[in-house]
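FYI, numbering that gives the first Met the number 0 numbers position 304 of the sequence shown as 303, with every residue one higher than the one before it.
Note that beta-carbon positions come from the ideal geometry of N, C-alpha and C, so glycine has one too.
Note that the coordinates shown come from a computational prediction; the quantities given were computed from them, not determined experimentally.
Here the structure comes first, spelled out in structure tokens, and everything after it is commentary.
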Amino acid sequence: MRLDRAASIDDLRLIAKRRIPRFAFDLVDGGAENERNLRRNAEAFDEVELTPRYMRDVGRIDTSARFLGRGYALPFGMAPIGMLNAFWPGADVVIARLCKRENIPYVASSAASTRLEDLAKAADGNGWFQLYVSADADVTESLIARAEAAGFDTLVVTADVPAAGKRDRDIRNQLAVPFKFTPEVVLQCAMNPRWALASLSAGTPNIANYADLLKAATSYADVQKTLITPGFTWEALKTLRGRWTGKLLVKGILHPEDARLCAEIGCDGIVVSNHGGRQVAFGPATIDALPAIVAEVSGRIAIALDSGVRRGADILRAKALGADFVFAGRALAYGVGAGGEAGAKRAVDILTLETIRALGQLGVPDFRDVGPAQLTPPRAEARTA
0 MRLDRAASID
10 DLRLIAKRRI
20 PRFAFDLVDG
30 GAENERNLRR
40 NAEAFDEVEL
50 TPRYMRDVGR
60 IDTSARFLGR
70 GYALPFGMAP
80 IGMLNAFWPG
90 ADVVIARLCK
100 RENIPYVASS
110 AASTRLEDLA
120 KAADGNGWFQ
130 LYVSADADVT
140 ESLIARAEAA
150 GFDTLVVTAD
160 VPAAGKRDRD
170 IRNQLAVPFK
180 FTPEVVLQCA
190 MNPRWALASL
200 SAGTPNIANY
210 ADLLKAATSY
220 ADVQKTLITP
230 GFTWEALKTL
240 RGRWTGKLLV
250 KGILHPEDAR
260 LCAEIGCDGI
270 VVSNHGGRQV
280 AFGPATIDAL
290 PAIVAEVSGR
300 IAIALDSGVR
310 RGADILRAKA
320 LGADFVFAGR
330 ALAYGVGAGG
340 EAGAKRAVDI
350 LTLETIRALG
360 QLGVPDFRDV
370 GPAQLTPPRA
380 EARTA
């Protein structure tokens, strides 16, 4: 399939899968254990029905949205993905620049293959910084100070990594950072020459912001241990809130009580997220967790959602259930994997056009007006009770 014939994010995924070695594709595409949570994220979106309304003037569709006091051209942004340059060389900067051009937020992963300073420059005012709180307080402070100096004004603290996720695909692939060029890896690279040539030009990807700390790592699990701390507590979050002077979101919230605590601490927002199904296999889909969280903290704290967004209708489903904004990670990653910069743009265009069409079908010309009224009864009552 050619890039210009890709009709959906799933089409882009299939194109990317053919262009990328299995070990690199699985790094982004895979989930935890049997990947039940990964599948459930998408399935649960499909179970949320929206009711079309017709004979309304939808000649002018407005997809703009406001989040954390700032206006964006579209109601979605790029979620953080670590080691994305392994998926396609140069992907970090390509997507950061695209987000600037499209006027949507780009969340730079602290586990990116590109230094945070370079990503701040590429996003040029549209970048936020995602932080894994390290067991080493000096490492955490260094990253925060660098993020401030680079000009990031929003910190996204990831809370859902008290332990490393068990990702069976990565174990089977013997994934290590930096990559170990085993005979199997070399064979996969040889079977994907475009990826191999691009990687030779760009260099072997690593986790740039932690490069010095990871010299002794022998597996991707070792890398994860460096990025997490089992001792990250609500008291530690209070300390971070006091340390960071800009906007602060907590990513990885699935329980309404945790959302309430974030609001009480003074966080500016939360991201209802299960790490794209990459941490556990037994948890709820984010769209299923959303209504109870909205009931607990709506109006007190900004609410975003990620994990499983593949369609423009998914963005509207989340908005109807109370999310203020949505983030997509794999969707844009599949685009860049399918066709570099042009593929990433194709992914954004697909989500945008699907959102526009869905708004027209719903009879709601302004994204900001989507709400519980668009949910199909009786599920509307059940989900907003």
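Assuming T62 contacts F366 (C-beta within less than 8 Å), just tell me the rounded distance between them. By one-based count along the sequence shown, residue 62 stands at place 63. By one-based count along the sequence shown, residue 366 stands at place 367. Rounded, the Cβ-Cβ distance is 5 Å, consistent with contact.
Are V106 and G76 closer than 8 Å when you measure CB to CB? What you label residue 106 is simply residue 107 of the sequence shown in a count that begins at 1. What you label residue 76 is simply residue 77 of the sequence shown in a count that begins at 1. A contact, by the Cβ cut-off of 8 Å.
Just how far apart, CA to CA, sit N125 and T354? In the sequence shown, the residue the question calls residue 125 occupies position 126. In the sequence shown, the residue the question calls residue 354 occupies position 355. Their backbone Cα atoms lie some 21 Å apart in a straight line.
Is it buried or exposed, Y53, if we count other Cβ atoms within 10 angstroms and call 16 or more buried? In the sequence shown, counting from the first residue as 1, residue 53 sits at position 54. Result: exposed.
Helix, strand or coil: how does DSSP classify Q129 here? For the purposes of this step, residue 129 is taken as residue 130 along the sequence shown, with counting starting at 1. Three-state result, Q129: strand.
Would you kindly work out how many angstroms separate the C-alpha atoms of T375 and G202, rounded to a whole number? Against the sequence shown, residue 375 aligns to sequence position 376. Against the sequence shown, residue 202 aligns to sequence position 203. Distance between the alpha carbons of T375 and G202: 51 Å.
Distance, Cα to Cα, L37 vs D117? In the sequence shown, counting from the first residue as 1, residue 37 sits at position 38. In the sequence shown, counting from the first residue as 1, residue 117 sits at position 118. The straight-line gap from Cα to Cα measures roughly 31 Å.
Along the chain, which unbroken stretches of the beta strand (DSSP E) at least 3 residues long are found entirely within the region 86-111? Fully enclosed beta strand (DSSP E) runs of 3 or longer: 105-107.
Span of the alpha helix (DSSP H) around F44: As a working note, residue 44 is residue 45 in the sequence shown. Residues 35-45.
Below 8 Å between beta carbons: does that hold for V369 and A319? Translated into the one-based positions of the sequence shown, residue 369 becomes position 370. Translated into the one-based positions of the sequence shown, residue 319 becomes position 320. Judged by beta-carbon spacing, A319 lies within the 8 Å limit of V369, meaning their Cβ atoms are closer than that value.
Who are the near neighbours of P79 in its chain, counting only those whose CB is closer than 6 Å to its CB and skipping five residues on each side? Against the sequence shown, residue 79 aligns to sequence position 80. Counting only Cβ-Cβ distances below 6 Å, and skipping sequence neighbours, we find V106, S108, Q129.
I believe D322 touches L304 by the beta-carbon criterion, under 8 Å. Please report the beta-carbon distance rounded to the nearest angstrom. The residue labelled residue 322 in the question sits at position 323 within the sequence shown. The residue labelled residue 304 in the question sits at position 305 within the sequence shown. It should be noted that the sequence gives Ala, not Asp, for residue 322. Contact between A322 and L304 is confirmed by a C-beta separation of about 4 Å, below the 8 Å threshold.
Can you tell me the Cα-Cα spacing of L352 and R59, whole angstroms? On the sequence shown, position 353 is the one that residue 352 refers to. On the sequence shown, position 60 is the one that residue 59 refers to. Distance between the alpha carbons of L352 and R59: 13 Å.
Could you pull out every residue in the same chain whose Cβ sits closer than 8 Å to the Cβ of I300, ignoring the five residues on either side in sequence? As a position in the sequence shown, residue 300 is number 301, starting the count at 1. Correct list, in chain order: A258, C261, A262, C266, D267, G268, I269.
Within the same chain, show all residues whose beta-carbon is closer than 7 Å to that of V335, passing over the 5 residues directly before and after it, in chain order. Reading the sequence shown from its first residue, position 336 is the one you call residue 335. For V335, the CB contacts under 7 Å within the same chain, skipping 5 residues up- and downstream, are W87, A90, V93, I94, G342, A343 in chain order.
Would DSSP call F151 helix, strand or coil? One-based indexing of the sequence shown puts residue 151 at position 152. Under the three-state reduction of DSSP, F151 is assigned to coil, being neither helix nor strand.
A235: which of A134, A284, K246 sits nearest, CA to CA? As a first step, residue 235 is located in the sequence shown; it is residue number 236 there, counting from the start. When A134, A284, K246 are compared, the shortest CA-CA separation from A235 is found for A134.
How long is the line joining the alpha carbons of A312 and A357, rounded to whole angstroms? The residue given as residue 312 occupies position 313 in the sequence shown. The residue given as residue 357 occupies position 358 in the sequence shown. A312 and A357 have their C-alpha atoms spaced approximately 6 Å apart.
Relative to the alpha-carbon of F24, which residue among L174, G245, V296 has its alpha-carbon at the smallest distance? Taking the first residue of the sequence shown as 1, we reach residue 24 at position 25. Ranking L174, G245, V296 by CA distance to the CA of F24 puts L174 first.
Where are the alpha helix (DSSP H) runs, 4 residues long or more, that stay fully inside the region 279-351, in chain order? At a cut-off of 4 residues, the continuous stretches assigned as alpha helix (DSSP H) that sit fully inside the region 279-351 are 285-296, 311-319.
I need the boundaries of the beta strand (DSSP E) containing V49, first residue and last residue. As a working note, residue 49 is residue 50 in the sequence shown. A quick correction: the sequence has Leu, not Val, at residue 49. Looking at the DSSP string, L49 is not in any beta strand (DSSP E), and its letter there is neither H nor E.
F66 lies in the beta strand (DSSP E); which residues open and close that run? The residue you call residue 66 lines up with position 67 of the sequence shown. Where F66 is concerned, the enclosing beta strand (DSSP E) stretches over 64-66.
Going along the chain, which residues of its own chain have a beta-carbon closer than 8 Å to the beta-carbon of L186, five neighbours each way excluded? For this step, residue 186 is matched to residue 187 along the sequence shown. Answer for L186: no residue qualifies.
Apart from the five residues on each side of it in sequence, which residues of its chain come closer than 6 Å, Cβ to Cβ, to V249? Position 250 of the sequence shown, counting from 1, holds the residue named residue 249. Cβ within range, chain order: V156, A158, C261, C266, I269.
Can you tell me the Cα-Cα spacing of A85 and P377, whole angstroms? For the purposes of this step, residue 85 is taken as the residue at position 86 of the sequence shown. For the purposes of this step, residue 377 is taken as the residue at position 378 of the sequence shown. Taken atom to atom, the span from the alpha-carbon of A85 to that of P377 is near 45 Å.
I need the straight-line Cα distance from E340 to R193, nearest angstrom please. Along the sequence shown, read from residue 1 onward, the residue named residue 340 stands at position 341. Along the sequence shown, read from residue 1 onward, the residue named residue 193 stands at position 194. The alpha-carbon atoms of E340 and R193 are separated by roughly 14 Å.
Between T113 and A207, what straight-line distance do the alpha-carbon atoms span, to the nearest angstrom? Stepping through the sequence shown from its first residue, residue 113 is reached at position 114. Stepping through the sequence shown from its first residue, residue 207 is reached at position 208. Using only the alpha carbons, I get a separation of about 5 Å.
Take the Cβ of W233 as the centre, count every other Cβ of all protein chains shown within 10 Å, and call the residue buried at 16 or more, exposed below. Taking the first residue of the sequence shown as 1, we reach residue 233 at position 234. A residue is called buried once 16 or more other Cβ atoms fall within 10 Å of its Cβ, and W233, having fewer, is exposed.
Extent of the continuous beta strand (DSSP E) run through V249: Within the sequence shown, numbered from 1, the residue matching residue 249 stands at position 250. In the DSSP assignment, V249 falls within the beta strand (DSSP E) that extends over 246-252.
Among V132, P177, A121, which has the Cα closest to the Cα of L26? Taking the first residue of the sequence shown as 1, we reach residue 26 at position 27. Nearest in C-alpha terms to L26, of all of V132, P177, A121, is P177.
Take the Cβ of G298 as the centre, count every other Cβ of all protein chains shown within 10 Å, and call the residue buried at 16 or more, exposed below. Here residue 298 corresponds to residue number 299 of the sequence shown, with the count starting at 1. Exposed, because fewer than 16 other Cβ atoms sit within 10 Å of the Cβ of G298.
Considering only their Cβ atoms, is the gap separating A110 from L239 smaller than 8 Å? For the purposes of this step, residue 239 is identified with residue 240 of the sequence shown, where counting begins at 1. For the purposes of this step, residue 110 is identified with residue 111 of the sequence shown, where counting begins at 1. For L239 and A110, no; Cβs fall outside 8 Å.
When burial is assigned at 16 or more other CB atoms within 10 Å of the CB, is I170 buried or exposed? Mapped onto the sequence shown, residue 170 falls at position 171. That one is exposed.
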